[in-house]
Every structure is written in C-alpha cells, then in structure tokens.
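In what follows, a structure is listed as structure tokens, so that the remarks can point back to it.
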Amino acid sequence: MLTPKQIQAQMALYVQLVDAGDIDGILALYAADATVEDPVGTPVHQGIDAITRFYREGLARSRARASLDGAVRATHNGYGAVPFRVELDWDGRRCSIEVIDVMEFDTEGCIRSMRAYWGEPNLTMRDL
C-alpha cells in the first residue's frame, strides 16, 4: 500500500502531467481495469481503452493548463483528493474549471478509480 506521502506525490504528478498535456504520462498512472468518472454523475469510463479515448478526445484537444489549488490530501488506505484549476478551450471559448479529483490507488501505486468533482458553479467561461 502506498504511504500518504506517495499518494500526494502521485496526485501532484497527475496535475503536472495534465498541465504538460502528457496524455501517455497520465495513462501510465492508471491500472488496466481503472475507472474514470469526470464529472461525477456522468457515464463511467471503464478500463484503459475507454480511459485512453476520454483523455485523447478531451484533454488532448483542449489546450489545457492545470495548477494545484490547495494541498493534496491523502489517507493511509490508498485514497487521496487534489484540488486544482484547469484552464482549457471548450466550445470555442476559454474556460476555467475548479476541480477536486478523488482517487483510489491499488497496492502497486496505480490509480484504480478517479472521480472528478465539479459542475456549472465551478466553471467560468471567457472569450478567447
């Protein structure tokens, strides 16, 4: 099992990889049978193939930038939460989304599940 410090490091790395647009790096963090629900309440992407499509069709085309928006929280039993801000292109406009991702890690240190908490109140649209 990962220590809380290792979870914090993995989650901070995730935000850095989103900021860099490194889709392959992001995918390498996930277990083969992982799930992604982004945002919570939308259909779950199950397995690495579905997760790959999710990131390549969304993040890769959005010119996303990401930065931490607070401390990464971590437990002693494989869970963590990270508040961050994502700036991206959406429907021809630039926007900012305040997100909290909650992740569960397996014993190998891979992400088993990621749930992104954000909604309309956390979305600010601007002109490009």
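The opening position of the sequence shown corresponds to residue 1 in the UniProt record's numbering, with each subsequent residue numbered one higher. Cβ coordinates follow ideal geometry from the N, Cα and C atoms, glycine included.
Looking at residue j and residue i, is the spacing between their C-beta atoms short of 8 Å?
i      : j      : result
ARG56  : ASP19  : no
SER62  : ARG85  : no
VAL102 : ARG112 : no
GLN8   : GLY80  : yes
ILE48  : LEU29  : no
Mapping the DSSP letters down to three states, classify residue i as helix, strand or coil.
i      : result
PRO83  : strand
MET1   : coil
ARG61  : helix
ASP38  : coil
THR107 : coil
THR52  : helix
Output yes if chain B places a C-beta closer than 8 Å to the C-beta of residue i; else output no.
i     : result
GLY70 : In the structure shown, chain B cannot be found, because there is only a single protein chain.
Can you tell me the Cβ-Cβ gap for residue i and residue j, rounded? I've got them flagged as a contact below 8 Å.
i     : j      : result
ALA60 : GLY21  : 7 Å
ALA50 : CYS110 : About 16 Å separates the two Cβ atoms, so there is no contact after all.
Give the straight-line distance between the Cα atoms of residue i and residue j, rounded to the nearest whole angstrom.
i      : j     : result
ASP106 : ASP91 : 36 Å
GLU98  : VAL40 : 14 Å
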